[in-house]
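Protein chains: 2
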Amino acid sequence: MGNSKLYKGSLTTIILKLLEEQGKMYGYEITQKVKLLTKGELKITEGALYPALHKLEAEGLLDVEVAKVDNRLRKYYKLTEQGEEETVNRLAELEEFIRSMQNLVNPNWSIK
Amino acid sequence: MGNSKLYKGSLTTIILKLLEEQGKMYGYEITQKVKLLTKGELKITEGALYPALHKLEAEGLLDVEVAKVDNRLRKYYKLTEQGEEETVNRLAELEEFIRSMQNLVNPNWSIK
DNA sequence: TCTTATGCATAAGAATTCTATGTATTAAAT
DNA sequence: ATTTAATACATAGAATTCTTATGCATAAGA
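In order, the protein sequences belong to chains A and B. In terms of the working numbering, the first sequence is residues 12 to 123. In terms of the working numbering, the second sequence is residues 12 to 123.
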């Protein structure tokens with residue numbers, strides 16, 4: 012999660028969520044998408060991303076499909092059925108976490 | 012951060028914020044306060060808390076003051092000047108992080 | 001009297017991430 | 001034409017953070 016030191020543990024949730032809405036993505040694409048969506052705030056490093064993808068795959072949450080584009084390798088990942096279920100759970104947990112943090116840190120905020 | 016699995020890196024920010032608004036607190040008090048404020052959502056374990064406090068102290072962000080109450084030891088921590096500055100920075104980072112995550116995960120939310 | 005609550009602490013291990021490095025192709029810049 | 005940047009994958013070693021387990025000690029409650 013690059014230079015913006017904060018908050019380990021959110022990477023897999025980000026990956027799952029992106030795959031949920033994009034259908035399928037490859038690693039490099041994920042790093043660029045996150046950079047774009049957060050205006051450079053979060054930078055996913057390759058050393059974090061690829062092991063995370065491999066682990067999610069090993070856990071049965073992702074499927075891989077290899078493609079060759081312009082003679083370059085791409086590994087497209089998509090959610091398995093189990094992955095879709097897990098995504099729902101992780102997002103709910105993340106939302107709870109964010110609410111808790113807001114209560115702790117700035118009770119004036121609220122999510123609408 | 013106990014059973015509620017999520018998100019390493021937020022503990023020190025929580026500690027700093029609580030000390031900012033409470034003036035001074037001791038370790039056990041922090042665990043109880045967090046449990047209360049988050050309705051049991053976040054449980055800070057001692058194995059995480061005490062090392063974190065020691066580190067913040069070593070970094071010069073906290074000062075300690077030992078007290079004895081009912082023949083039991085208490086170590087009251089409070090922010091140093093440097094700690095107050097750092098708290099402002101960390102809270103700004105946390106807010107940025109939360110906004111980023113919301114953009115990623117649920118663009119329909121917003122903080123008001 | 002036994003258990004729970006209060007209050008501190010550390011050690012070993014797990015989990016996650018960062019930094020550095022490696023390979024290879026394509027596109028852009030000099 | 002050649003160097004650099006971008007694309008695309010990967011892993012190893014170190015650092016950081018947290019969990020689990022354990023330890024000591026006093027006070028309060030069952």
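We put the CB at the ideal spot given by N, CA and C, even for glycine. On a predicted model such as this, the values are computed, not experimentally measured, just so you know.
Sequence-distant partners of A78(A) (beyond 5 residues in either direction) whose C-beta falls short of 7 Å from its own C-beta, in its chain, are R85 and Y87.
Bounds of the beta strand (DSSP E) holding Y37(A) are K35 to Y37.
Contact between T91(B) and L73(B) holds: their C-beta atoms lie close to 6 Å from each other, under 8 Å. For the set N114(B), F108(B) and L115(B), the Cα lying nearest the Cα of Y18(A) is the one of F108(B). Your pair M36(B) and L27(B) does not check out as a contact, with CB atoms roughly 11 Å apart and the cut at 8 Å. Within chain A, the residues placing a beta-carbon under 8 Å from that of V45(B) are L115, ordered along the chain.
Between T24(A) and R101(A) a beta carbon distance of about 5 Å is seen, short of the 8 Å cut, so the two are scored as contacting. The residue from E95(A), E52(A), G51(A) and G38(A) with its alpha-carbon nearest to that of A59(A) is G38(A).
A63(B) places its beta carbon less than 7 Å from that of L22(B).
Residue contact with chain B for T49(A): present (Cβ-Cβ distance below 7 Å to some residue of chain B).
The criterion of a C-beta distance shorter than 7 Å is not satisfied by E32(A) and S111(B).
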